[in-house]
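Numbered by this note's numbering, the letters in the sequence shown go through residues 846 to 1262 in order.
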Amino acid sequence: MDPNPHIPETIQTPYLEETPVVEEVSNPPTSNPLDDMELSDDDLLFQPREGNQGARIKQLEEFAEQLALRNAADRRRLRQLEQENRELEETIGHQRRTHSTSAIPMSTTDRLEALVDKLSNTNDTKDIKPPTYIRYSGRPSELRAFLTDCDDYIDLNPKSINSDDKKILLVGMLLTGSAKLWYRQYREVSPDRRPAFMSNYEDFKLALDKAWGDPDLKASHERAFARLRQTTSVAAYATQFRQHMVYLNFPDDDQTLPVLFYKGLKDAIKDEVAREGRKDNLQDLMDQATRIDNRIAARIRERNDEFPTTRQNPFRQSTTEYSRRSDPPTTRIAGGNQAWRKTTTIVKENTSTDDYTQHLTRDGKVTKAEKERRKALGLCFYCGKGKHPIEECQARIARALEKVAPAPKLSANGATK
């Protein structure tokens, strides 16, 4: 029987704890083996902490100090980048507001490089269309000028006309008449049967000049140069003179050129040149003659404005004025038989022409600008005053009646005297 039934068995059993036996190490380690290992920063963070390792704790504290310093440096760098970013945003905003690139400083070299890139970029250039397209029908004297115009148009459109085939097509499209037929005989055949000059622009121009150009261009210019005289203005005469010089390869300092140019001038220009003294240099002589010609032309216009002639102002003559009657007067047609006709009753219109002479040229014709003005305003092409048809212009009818010969006198028996 259990001597103490109220005490559990486990308590009743005496608790005997076995004392552990501590083995003594004959040669204890004098240093920590971790100290001899080269560990990274991450390895150090996860190393177990051993008791009484003051050196290791100090080492970890130094490492934490380094991390803190590195973190502070990164923060300072971040704040610096944020400041630079804000300054850059302010600069861009100012540039957008002012629409100017002056806010962003550029060196001289950078500006020059940007300008060269812009000028050398042919993709941004736009083609230029001529106001009118020139044509060539086959006249030898016009071929050189036609090819020069084609070359100028090609140079103005390097983007679209950038191959020999396109250049030849351009010239071929501008040919007319017999020259067009000459071009078609080579263009309409298959490419393998075309001559070699149909694929090279310079060779094509030579072939065109050989077929349609002046066979003896130099001799033609020599003859034209020998016959050249001033017929209109000195400026036009000087231009023709220069053209012949170019074809005949005359140098500008040739001493015979001023003599030849003076020889072709009008007598009125020669008189003034002789009075002033003739220039020895060709260009100086051309400038002198042009100045004299312009001065004479201005004086002629001034004299015509002051004292207009009858030819320049046909309305200066008095026009016949008829009063309105119930029975208009009758006259006989000059040179006719016994036929009679009634003349139209003329009511004189207001044909005052005080300012009419300003619309006339030297030879008394209406200027081109005045014709365009009358056409735009719907005025009469004859008097320029009213908006009536030219057939009903009273001034024109009166002018025509003045030119009619007077009727012959009749005898008592009706015969003419």
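No residue lacks a Cβ here, since even glycine has one placed at the ideal position from N, Cα and C.
Between the beta-carbon of TYR1107 and that of VAL1118 there is about 7 Å, and that keeps the pair under the 8 Å contact cut.
If you draw a straight line from the Cα of GLY938 to the Cα of ARG915, it is about 35 Å long.
Looking at the backbone, the Cα of ARG1068 and that of GLY1223 are separated by about 49 Å. At least 9 Å separates the beta-carbon of ALA1221 from that of THR1135. With a 10 Å radius around the Cβ and a threshold of 16 neighbouring Cβ atoms, VAL1016 comes out buried.
The beta-carbon separation of SER982 and GLY1022, rounded to 4 Å, stays under the 8 Å limit for a contact. With a cutoff of 9 Å on beta-carbon distance, LYS1012 and TYR1046 are scored as near each other. Within the DSSP bridge table, the entry for LEU1020 names TYR981 as partners.
For LEU923, the enclosing alpha helix (DSSP H) starts and ends at 899-943. The beta carbons of ASP1097 and GLN1128 sit closer together than 9 Å.
Per the coordinates, the alpha-carbon of ASP1138 lies some 15 Å from the alpha-carbon of THR1084. The C-beta distance from GLN1088 to TYR1082 rounds to 11 Å, too long to meet the 8 Å contact threshold. Around the CB of MET1131, 16 or more other CB atoms lie within 10 Å, so the residue is classed as buried. DSSP assignment within the stretch 1073-1130 yields the following whole alpha helix (DSSP H) runs of 4 residues or more, N-terminal first: 1079-1092, 1101-1108 and 1112-1121. Short of 8 Å from the beta carbon of TYR1031, and not among the five residues preceding or following it, lie these beta carbons of its own chain, in chain order: ARG1039, PRO1040 and MET1043. For GLU1033, the secondary structure class from DSSP, reduced to helix, strand or coil, is coil.
If you ignore the 5 residues before and after LEU1073, its C-beta comes within less than 8 Å of the C-beta of TYR1082, GLN1085, PHE1086, HIS1089 and GLY1109, all in its own chain and listed in chain order.
Looking at the backbone, the Cα of ASP1061 and that of ALA1052 are separated by about 15 Å. In summary, PHE908 is exposed, with fewer than 16 beta-carbon neighbours lying within 10 Å of its beta-carbon over all protein chains present. ASN1139 sits in a helix when the DSSP states are folded into three classes. For the pair GLU906 and ARG924, the Cα-to-Cα distance works out to about 27 Å. DSSP places LYS1055 in the uninterrupted alpha helix (DSSP H) bounded by 1046-1057. Secondary structure of ASP996 (DSSP, three-state): helix. Looking at ALA1056, LYS1115, ARG989 and LYS1050, the one whose alpha-carbon comes closest to that of ASP1010 is LYS1050. Our two residues, ALA1142 and SER1078, have alpha carbons roughly 9 Å apart in a direct line. Beta-carbon to beta-carbon, LEU1026 and ARG980 are separated by about 14 Å, too far to satisfy the 8 Å threshold.
Looking from the CA of PHE991, the closest CA among ASP1116, GLY1058, PRO1036 and THR943 belongs to GLY1058. Taken atom to atom, the span from the alpha-carbon of ALA959 to that of LYS1004 is near 21 Å.
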